[in-house]
Amino acid sequence: MGAFNLGNGEGCSVKQVIETAKKVTGEEIRASITGRRAGDPAVLIGSSARAVNSLGWKPQYDDIQSIIETAWRWHEKTPQDMNSSI
38 MGAFNLGNGE GCSVKQVIET AKKVTGEEIR ASITGRRAGD PAVLIGSSAR
88 AVNSLGWKPQ YDDIQSIIET AWRWHEKTPQ DMNSSI
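Residue numbers in the sequence shown follow our numbering, run continuously in steps of one, and reach 123 at the last position.
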């Protein structure tokens, strides 16, 4: 069957992810801003077209706020021993 990218076709920056995660969790997230490493692409955006076409799969959440909110709710409800194995 192969590997599938499950991106939603929308891009966001690492800074946007960190700021949204801070807002959703209410936690401080320390981050260091540095220059791009040699070889790092300027932009990466995942497309789920192959999964959609092959499996009929569709992302349930399509914005970074909803994605982080649902992941955080799962994290809060899941026993810590399960979280440590991920």
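Beta carbons are placed, not taken as given, at the ideal position from N, Cα and C, and that holds for glycine.
Start and end residues, alpha helix (DSSP H) containing residue i
i	result
residue 105	101 to 114
residue 87	86 to 92
Option in the options with minimal Cα separation from residue i
i	options	result
residue 43	101, 85 and 81	85
residue 67	58, 73, 75 and 95	58
residue 111	61, 74, 53 and 54	61
residue 52	99, 63 and 69	69
residue 65	55, 104, 101 and 89	55
residue 41	100, 106 and 88	88
Coarse secondary structure for residue i, derived from DSSP in three states
i	result
residue 58	helix
residue 53	helix
residue 97	coil
For residue j and residue i, the rounded distance between their alpha carbons
i	j	result
residue 50	residue 79	10 Å
residue 39	residue 91	10 Å
residue 115	residue 108	10 Å
residue 45	residue 83	6 Å
residue 95	residue 47	14 Å
residue 103	residue 97	9 Å
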